[in-house]
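**Q** I am attaching a structure below and will ask some questions about it afterwards.
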Amino acid sequence: MRVRVCVQCGLDAAPAEVGDGTPWPVLGSHVEGRRPILLEQALPADDGARRFLGRDDEGARYEIFGVVGSDPQGALAARRRAHESFPHASFPPDRTVNAGTLRFTVTHLPEGAERVPKIVSRLVEAESVDPVEIIRKYGVPVVRLFAELHDRGFFLSEQDPDELVVSGDRCRFLRPPTPHPVAGGAVAPGLRRVPFGYGAPELHGLCGGRVDPRADVFFAGAVLYYLLARVPPLEEASDAMDRLPSPTVYRDDLPPGVVAVVRRATSPVPARRYADCRALRTALDIALASEDARRQAARRRLGLKLGHELHIGVLKGQYAPQNQDDLFVAYDARNGVGLFLVSDGVSISEHGSGDIASECVRIEAHRLWQELPREDVGDGAPRPKLPEERDARRALLQATLDRANARIGEIIHQRLPRFPGPPEGIMAATAVAALLDGNRVTLCSIGDSRIYLIRDGHITSLLSYHDLCTQLIRMRRATPRVARAAPAAAALIRCVGEFEKDENDQLVPVPLQPEFRELTILPGDALVLCSDGIPDYAGFDDEHAESRICQTVEGAPGAPWAAFELMVLANRGGGGDNISCIVMRFEDAEGEA
Amino acid sequence: MKRPLGLTCVASPPLTQGGLGAGVVHGLVSLTVGTLGPPIGLELKIARVCPHDRGLPVLADAFRAVAEATGARDSVIFAGRHSTGVARAGPEPVHALRSPWPDLVGAFSGVASLLGGEDEGRTVWLLLVVETAVTEVTPAAIQALQGLVDLGAGVDIICTHPAADMGLLSRLAQRTGGELIQASAAEIVERMVRRVGLLRDQRLRGARLDVRTPRGVRIQRVFRVDPTPAFVGLLPASADASLLLPVGPVSAEAPPAWLISAMTPGRGPGRYRLFDVSLRYQQGPETLGAEASASQTLVAEPPRMLPVEAAVNAALSRVDTAAWIEEIARAYQGHDARRVAGLLDRLVRHAVTLDDRALVSRAFDLRLSFLRSGVLEPTDLNALRRHGAASSRAAG
């Protein structure tokens, strides 16, 4: 190998650096080897060495490390010393060659397919993937890389995701970035280059504008978010006033623990994120371990502590005397079978009333419980038995909701044999239900009531809501920002109380389209079923409310206390809506470790 | 020697996607302070305006104390809402009477006038005191204030009444380059003495900014960012493309800065000028100035790494607190309870993003009390304004 500059720019002599007399190549020149490499960027190196990033005529990227002397081992050792200052941007070298008094080590840098944005765009187009495997393969290395940086007392803040390469179980930088010392404190606002879709709001100057390691937490969280949701980077990541929509809005059946970690890491408010990527790494490891445990758990009965509350809401009660929420709780502790349901009547209806609609749902839930097949084990008290098949359990819940729908139609027809107006004005209700069978639960939701899973200080909403905003985002009809600004964004588009009219003005119940999810419960999990009266009033915003719900449930001495505290929490926050909740805390059954 | 004042102007977003239709752009105009030179020498005259019917409960004592603390000369004027007359003047004539301030006495309870020492007693600054629950100011008073601005004078308004419309008074003061100082009766002397100290220490005079925008760019909102964040006002869409902003007192510790929001038209890729700002001021006999401008680049496809003027957005989030609060006041005056509740929710969220727990809790309490009673007391709004201003100052 020899160094000459530059056949492409027409010079016939090498414009070597002037200084100590060593003919170092300069930027813009070509280093010629198997194919000429254009030197594009100089990187920091020790005295007596030079380090460059370059590109060949096919666009492949290289790191070129040059030293004086012809000893190959000496050149590699010098390169290793240079890389020790920042080992996260180090790849195995391809070759070392002599060039007169200089020796160069040439390293071919990984190609585009391994870079983070390429991985994300590949996943967007993928048909079906296992989200846990994806997070392990690509997400964990990214988080570990930043955690190691924070371990060393540095943070980055303005990282280009295209400079991050995942290969094997490691993630590295294509070129050494410019780190800030953590001990130096936050970085004040100024002109910055922020990665689209990955930059925290404070990088844009929002949230006070001062940047610290939490900006890296957001970056790593955003990588995890796009890996889970499998959507292209979202402009809304830079919003300070609203969170990114939950990944569950885009994809079903995501691991709940990982979703909770991602949501906390991508909080727009820096103080609500993990303090640094070491904490994020720990939380992610725990969430993945829990997911493994869920997947491997055999069917068994768990101990269940149960609490529930129903309250009109102190403010709501001042102008609406009827509580339109309703709930149903049935549990047989002998075999761990239970049915739990919360229903929230829609208060604005021209025909009927929300409290009647939610009562219809509760009556049908009671009927389902009564009609479940019973198993007699010889103690004279038959136990309810649920079908083994997932689809059969779902069919039970579906039928219950459809019957409640039909019941609402019958009530309307008793008063109005020929229904005059549009069916949208008929009373309606939301419903969330859990059909428990040992440590397996079938969850079902229609409307905007909530089912939360709480574990290890994290909370996840398990099913998405059927309001217009969420559904616009889910169907990719609008970006989150546009969907939130849509007229009547909070309007329900699915609920119990959906009808069409036939030619005789008779109401025909529409088959409902609830959402379902299967979940394996672990000892230590808590499930909360509640109406929107709790998350809407439990905190300053939905993120704060969820965090307070989590703290309340985990901090209460028992499930009944937790349910009571949730009711008090919502009333303290205004109590502007009816409040209903069921809290289920699971533990090892007595006699089982 | 460095020039006394310099000027910077940056816009955000500095780069965005073209062809997307009209957009909003924010410009941060900041003064930089070099070597200011000797003080211009101001002399304070205090005129006590004594309402005929109510005497001088707190104000007389306050003015006397300020006069003693600052060595000011003291004059007493008896005035009422329907008549103005000098019953007894001090040893020197009250120069302030040459200004159109008789129109002000109907609205304000007391006036302290700072006279330019080099200019033979020309009024350069007024401190107006409001002791009543002012909720509107007569057009004549506004015109009188504008007259003072035209003469190169500024006005600070010191308000001691908790139920006065402090949003209105703040906007009035800001448009003259002054400040609204909210103080209880017990604090009034200290605040006035501090303010007089700052004003007397001024080295420059008549500083003002002229902000011009090219055709198609319309200025919509103006905020003062430093030294005290405040909402200067909304400008009508048909406003002239030029905006004149009196600068007011300048200190090296907290150089003044403004945030200007403007609507830009939809247009294709290219580089466009947004704001041309010129600064003019007097130092001694000399008239000095500085120029700056900001532009925006529109591109067909946004790059992977967006350049961001984070300082502009940080300033915007600081002054947004004032904007939210004034919007709430406006919605309440318009009897739009649903909007008030929604805005209070958003204000809480905004305070959360600033991690200002005290403001979060105050705004949340106000939201609760509004939900329960449907009433927003002016004193509550003023407390929120005070708190918002203090927290924004701290955030800066």
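From first to last, the protein sequence lines stand for chains A and U. One point on numbering: in the working numbering, the residue at position 220 of the first sequence is 220, and numbering is uninterrupted. Whatever position you read off the second sequence (first residue = 1), add 1000 for the working numbering. Even glycine gets a Cβ: it sits at the ideal position worked out from N, Cα and C. Keep in mind that this is a model prediction, so the values were computed, not measured.
1) Measuring straight from C-alpha to C-alpha, what distance separates G1289/U and P93/A?
2) So, at 7 Å on beta carbons, what are the nonlocal neighbours of A77/A in its own chain, with the 5 sequence-adjacent residues on each side left out?
3) Need the endpoints of the beta strand (DSSP E) that V1016/U sits in, please.
4) Should the segment 460 to 473 of chain A be regarded as contacting the segment 238 to 248 of chain A, the criterion being three or more beta carbon pairs within less than 8 Å?
5) Report yes or no: is there a C-beta of chain A within less than 8 Å of the C-beta of S1317/U?
6) Do A1341/U and L1371/U have their C-beta atoms within less than 8 Å of each other?
7) Is any beta-carbon of chain U found at less than 8 Å from that of R481/A?
8) Would a check of beta-carbon distances place A1314/U closer than 8 Å to chain A?
9) Considering Cα atoms alone, identify which of T266/A, G497/A, G48/A, D379/A is closest to P422/A.
10) In its own chain, which residues sit with a C-beta less than 7 Å from the C-beta of R1098/U, not counting the 5 before and 5 after it?
11) Interface residues of chain U around G184/A at Cβ under 7 Å?
12) Hey, A1257/U and A1315/U are a contact pair by Cβ (cut 8 Å); roughly how many whole angstroms apart?
13) Count the other C-beta atoms from every protein chain shown that fall within 10 angstroms of the C-beta of G1268/U, then say buried if there are 16 or more, exposed otherwise.
14) Closer than 7 Å, Cβ to any Cβ of chain U: which residues of the segment 231 to 263 of chain A, in chain order?
15) Just tell me which of G1018/U, G1152/U, L1015/U, G1027/U has its CA closest to the CA of V1225/U.
16) Classify K385/A as helix, strand or coil using the three-state DSSP reduction.
17) Just the Cα atoms here: how many angstroms apart are A478/A and R494/A?
18) Which partner residues of C1009/U appear in the DSSP bridge assignment?
19) Can you grab the Cα-Cα spacing for the pair I312/A / L145/A, in whole Å?
20) Short check: CB of V361/A to CB of L341/A, under 8 Å?
21) Is DSSP giving W1125/U helix, strand or coil here?
22) Using a Cβ-Cβ cutoff of 9 Å, what residues of the segment 535 to 546 of chain A are near chain U? List them in chain order.
23) Could you give the DSSP three-state label for V1193/U: helix, strand or coil?
24) Any chance the segment 315 to 335 of chain A sits against the segment 397 to 409 of chain A, with 3 or more Cβ pairs inside 8 Å?
25) Using Cβ-Cβ distances below 9 Å, what residues of the segment 1284 to 1314 of chain U are close to chain A?
26) Would you please verify whether the beta carbon of H1350/U is less than 8 Å from any beta carbon of chain A?
27) Quick check for students: name the residue ranges of the alpha helix (DSSP H) that lie wholly in the segment 526 to 571 of chain A, counting only runs of 4 or more.
28) Anyone know if the C-beta pair for P1307/U and Q1017/U falls short of 8 Å?
29) Who are the neighbours of V269/A on chain U, taking C-beta pairs under 8 Å?
30) Could you name the residues of chain A that R1372/U contacts, counting a contact when the two beta carbons are closer than 7 Å?
31) Using 8 Å as the limit for Cβ to Cβ distance, is S1083/U near chain A?
32) Taking the beta strand (DSSP E) that W1258/U falls in, what are its first and last residues?
33) What are the start and end residues of each continuous alpha helix (DSSP H) run of 4 or more residues lying completely inside the segment 32 to 103 of chain A, in chain order?
34) Counting Cβ pairs closer than 8 Å, one from the segment 465 to 474 of chain A and one from the segment 536 to 556 of chain A, do we hit at least three?
35) Drop a sphere of 10 angstroms on the beta-carbon of L1245/U, count the other beta-carbons inside from all chains shown, and report buried for 16 or more, exposed for fewer.
36) Quick one: what's got a C-beta closer than 6 Å to G1055/U's C-beta in the same chain, skipping five residues either side?
**A** Based on what the coordinates show:
1) As a first step, residue 1289/U is located in the second sequence; it is residue number 289 there, counting from the start. As a first step, residue 93/A is located in the first sequence; it is residue number 93 there, counting from the start. Roughly 59 Å between the two C-alpha positions.
2) For the purposes of this step, residue 77/A is taken as residue 77 along the first sequence, with counting starting at 1. Contacts found: none.
3) For this step, residue 1016/U is matched to residue 16 along the second sequence. Looking at the sequence provided, one finds Thr at residue 1016/U rather than Val. T1016/U -> beta strand (DSSP E) spans 1015 to 1017.
4) yes
5) Stepping through the second sequence from its first residue, residue 1317/U is reached at position 317. Yes - at least one Cβ of chain A is within 8 Å of the one on S1317/U.
6) Taking the second sequence and counting its residues from 1, the one referred to as residue 1341/U is at position 341. Taking the second sequence and counting its residues from 1, the one referred to as residue 1371/U is at position 371. Yes.
7) Position 481 of the first sequence, counted from the first residue, corresponds to residue 481/A. Not closer than 8 Å to any Cβ of chain U, the Cβ of R481/A fails to qualify, so no.
8) Translated into the one-based positions of the second sequence, residue 1314/U becomes position 314. At least one chain A Cβ lies under 8 Å of A1314/U.
9) For the purposes of this step, residue 422/A is taken as the residue at position 422 of the first sequence. Ranking T266/A, G497/A, G48/A, D379/A by Cα distance to P422/A puts G497/A first.
10) Locating residue 1098/U in the second sequence gives position 98, counting from the first residue. In this prediction, R1098/U has a pLDDT of 38, which is less than 50 and means its spatial position is unreliable; what the coordinates show is noted afterwards. Closer than 7 Å at Cβ, skipping near neighbours: no residue.
11) Here residue 184/A refers to the residue found at position 184 when the first sequence is read from its first residue. Neighbours of G184/A on chain U: none; closest Cβ ~17 Å, over 7 Å.
12) Mapped onto the second sequence, residue 1257/U falls at position 257. Mapped onto the second sequence, residue 1315/U falls at position 315. Between A1315/U and A1257/U the Cβ distance is about 7 Å, and since that is below 8 Å, they are a contact.
13) Position 268 of the second sequence holds residue 1268/U. It is exposed - the Cβ of G1268/U has fewer than 16 other Cβ atoms within 10 Å.
14) A240, M241
15) For the purposes of this step, residue 1225/U is taken as residue 225 along the second sequence, with counting starting at 1. Taking only the C-alpha atoms, the option nearest V1225/U is G1027/U.
16) Against the first sequence, residue 385/A aligns to sequence position 385. In the structure shown, K385/A sits in coil (DSSP, three-state: anything other than H, G, I, E or B).
17) In the first sequence, residue 478/A corresponds to position 478, counting from 1. In the first sequence, residue 494/A corresponds to position 494, counting from 1. Their backbone Cα atoms lie some 18 Å apart in a straight line.
18) As a position in the second sequence, residue 1009/U is number 9, starting the count at 1. C1009/U is bridged to V1029/U.
19) Numbered from 1 along the first sequence, position 312 holds the residue referred to as residue 312/A. Numbered from 1 along the first sequence, position 145 holds the residue referred to as residue 145/A. About 50 Å.
20) Counting from 1 along the first sequence, the entry for residue 361/A is found at position 361. Counting from 1 along the first sequence, the entry for residue 341/A is found at position 341. In this structure, L341/A lies closer than 8 Å to V361/A by Cβ.
21) For the purposes of this step, residue 1125/U is taken as the residue at position 125 of the second sequence. Looking at W1125/U - three-state DSSP - the assignment turns out to be strand.
22) F540, D541, E543, H544
23) Looking up residue 1193/U in the second sequence gives position 193. If DSSP states are grouped into helix, strand and coil, V1193/U belongs with the helices.
24) no
25) P1302, P1303, R1304, M1305, L1306, P1307, V1308, E1309, A1310, A1311, V1312, N1313, A1314
26) Taking the second sequence and counting its residues from 1, one reaches residue 1350/U at position 350. So, interface residue.
27) 542 to 555
28) Working through the second sequence from its first residue, we reach residue 1307/U at position 307. Working through the second sequence from its first residue, we reach residue 1017/U at position 17. The answer is no: Cβ separation not under 8 Å.
29) Residue 269/A sits at position 269 when you count from the first residue of the first sequence. Simply V1352, T1353, D1355.
30) By 1-based counting over the second sequence, the position of residue 1372/U is 372. By Cβ distance, chain A contributes L315.
31) Taking the first residue of the second sequence as position 1, residue 1083/U is located at position 83. Residue confidence is low: S1083/U scores 36 on pLDDT, short of 50, so the model does not pin down where it sits. Its coordinate-derived value is still stated next. No, no contact with chain A.
32) Position 258 of the second sequence, counted from the first residue, corresponds to residue 1258/U. Residues 1257 to 1264.
33) 72 to 84
34) no
35) For this step, residue 1245/U is matched to residue 245 along the second sequence. Counting Cβ neighbours within 10 Å, L1245/U comes out buried, since at least 16 surround it.
36) Along the second sequence, one-based indexing puts residue 1055/U at 55. In this prediction, G1055/U has a pLDDT of 37, which is less than 50 and means its spatial position is unreliable; what the coordinates show is noted afterwards. So no residue of the chain qualifies.
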